[in-house]
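Structure, as structure tokens:
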Amino acid sequence: MIPALDLTFVIPIRLDSQERKENLMTCISFLSLFFKSNILIIEADYKPSVDAKYFLTKNIKYIFVEDKEKVFHRTKYINIAVQNLKTDYIGIWDADVFVSPIQILLSLKSLRDKICEFAYPYDGRFLDIPSNLRREFIKTLDIRLLENNIHLSTPLYGPYACGGGFFANSEEYILCGMENENFIGWGQEDGERVCRWHKLNKRVIRLNGPLFHLNHPRGTNSKFLSENHRIKQINEYYRI
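Heads up: the sequence shown at position 204 corresponds to 203 in numbering that gives the first Met the number 0, and the numbers run straight through without jumps.
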């Protein structure tokens, strides 16, 4: 297990399917297997989707916020979670994504060595894993299973994706404005964030290797809500 108590993974969730709940539990197990770090889960929904007792360990914290809105305001809840942080480094992390532990370790080392302020633990390849491979990975937590079967995965978002997860110097992340809460629901917030960092002359690096996404049904919070919503999200991106 790699010591990383100066790092907190922030995982914002709204679990709209059984598959997403399974992905979350797998994500927590995977991160806990390789890293002695902190994990902060923030759930916003009309009622909790998971048993808080599962998270009663020293380094895992669970926050539930009652929210009856149909659309998950992910950016707002990430910012709320960040206010609870006391570590030098953070990883904003989706509940459905996985990378090699080496890629995480090198990202964190780059931050510690002050090579950068922000680090993506993958090279832009965002690969969706099919259902049969997903089931096997959940059983084994063996990242080599995904790496050895890349040919079975489906690339999402083009070759230079910037969603899924990133690591940051906590102070720099806050100074750069954290998340833009004008983005409500899915879409464009990941691109705006990295664009903003570059405009503020921050150093952003990528690590070699893909990011894997465990397949799940795509509900309201995994797509644009309407054409008007799509236009609004894109306009906010271009405003920045």
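From the three backbone atoms N, C-alpha and C, an ideal C-beta is built for every residue, glycine too.
Residue from the options with nearest C-alpha to residue i
| i | options | result |
| --- | --- | --- |
| Glu116 | Ile89, Pro2, Val49 and Ile12 | Ile89 |
| Ile12 | Ala43, Pro158, Leu4 and Phe33 | Ala43 |
| His150 | Pro120, Tyr156, Phe166 and Leu132 | Leu132 |
| Pro120 | Ile239, Ile91, Ile62 and Arg205 | Arg205 |
| Lys138 | Gly157, Leu213, Gly208 and Tyr61 | Leu213 |
| Ile101 | Ser225, Met0 and Lys75 | Met0 |
| Asp5 | Lys35, Glu21, Lys69 and Glu18 | Lys35 |
| Ile239 | Leu210, Glu180, Glu226 and Gly208 | Glu180 |
| Phe182 | Ala167, Asn37, Tyr159 and Ile77 | Ile77 |
| Tyr172 | Phe211, Thr86, Lys20 and Ile142 | Thr86 |
| Arg73 | Leu144, Cys26, Ile103 and Ile40 | Ile40 |
| Ser31 | Arg202, Leu140 and Ile128 | Leu140 |
| Thr153 | Pro209, Glu18 and Glu235 | Pro209 |
| Lys257 | Ile114, Leu104 and Glu135 | The chain is shown only over 0 to 239; residue 257 falls outside these bounds and no answer can be derived. |
| Glu146 | Cys161, His228 and Asn207 | Asn207 |
| Arg124 | Asp112, Leu155 and Leu14 | Leu155 |
| Phe136 | Phe211, Asn234 and Asn227 | Phe211 |
| Cys161 | Glu235, Arg195 and Leu144 | Arg195 |
| Leu104 | Ile62, His197, Ala167 and Ser225 | Ala167 |
| Thr7 | Arg143, Tyr61 and Tyr237 | Tyr61 |
Endpoints, the beta strand (DSSP E) within which residue i is located
| i | result |
| --- | --- |
| Pro2 | Ile1 to Ile12 |
| Thr153 | Thr153 to Leu155 |
| Val49 | From DSSP, Val49 is part of no beta strand (DSSP E); its letter is neither H nor E. |
| Lys57 | Careful: Lys57 lies outside any beta strand (DSSP E) and carries neither H nor E. |
Residue i, enclosing alpha helix (DSSP H) - first and last residue
| i | result |
| --- | --- |
| Ile142 | Ile142 to Glu146 |
| Asn234 | Glu226 to Arg238 |
| His23 | Going by the sequence as given, residue 23 is Leu instead of His. Its alpha helix (DSSP H) spans residues Gln17 to Phe33. |
| Thr139 | Ser130 to Thr139 |
Distance between beta carbons of residue j and residue i, contact taken as under 8 Å
| i | j | result |
| --- | --- | --- |
| Val81 | Met177 | 6 Å |
| Phe84 | Ser28 | At residue 84 the sequence reads Leu, which differs from the Phe that was named. That pair is no contact at about 22 Å. |
| Ser242 | Ala118 | A question about residue 242 goes unanswered here, because the residues of the chain that appear run from 0 up to 239. |
| Val96 | Gly157 | That belief does not hold up - the Cβ atoms of Val96 and Gly157 are roughly 16 Å apart, past 8 Å. |
| Gly184 | Val70 | 4 Å |
| Val193 | Trp92 | Rounded, the Cβ-Cβ distance is 16 Å, inconsistent with contact. |
| Lys20 | Ser48 | 6 Å |
| Asn37 | Asn58 | 5 Å |
Buried versus exposed, by CB contacts within 10 Å (16 or more), residue i
| i | result |
| --- | --- |
| Glu273 | Residue coverage of the chain in this structure runs from 0 to 239, which leaves residue 273 outside it and unanswerable. |
| Leu199 | exposed |
| Thr56 | exposed |
| Tyr45 | exposed |
| Ile230 | exposed |
| Ala51 | exposed |
| Pro2 | exposed |
| Pro129 | exposed |
| Gln232 | buried |
| Glu191 | buried |
| Leu110 | buried |
| Asn234 | exposed |
| Tyr237 | exposed |
At 4 residues or longer, what runs of the alpha helix (DSSP H) sit wholly inside the stretch 167–223?
169–174 and 188–198
If we require 4 or more residues per run, which alpha helix (DSSP H) segments fall completely within the stretch 67–117?
73–81 and 100–111
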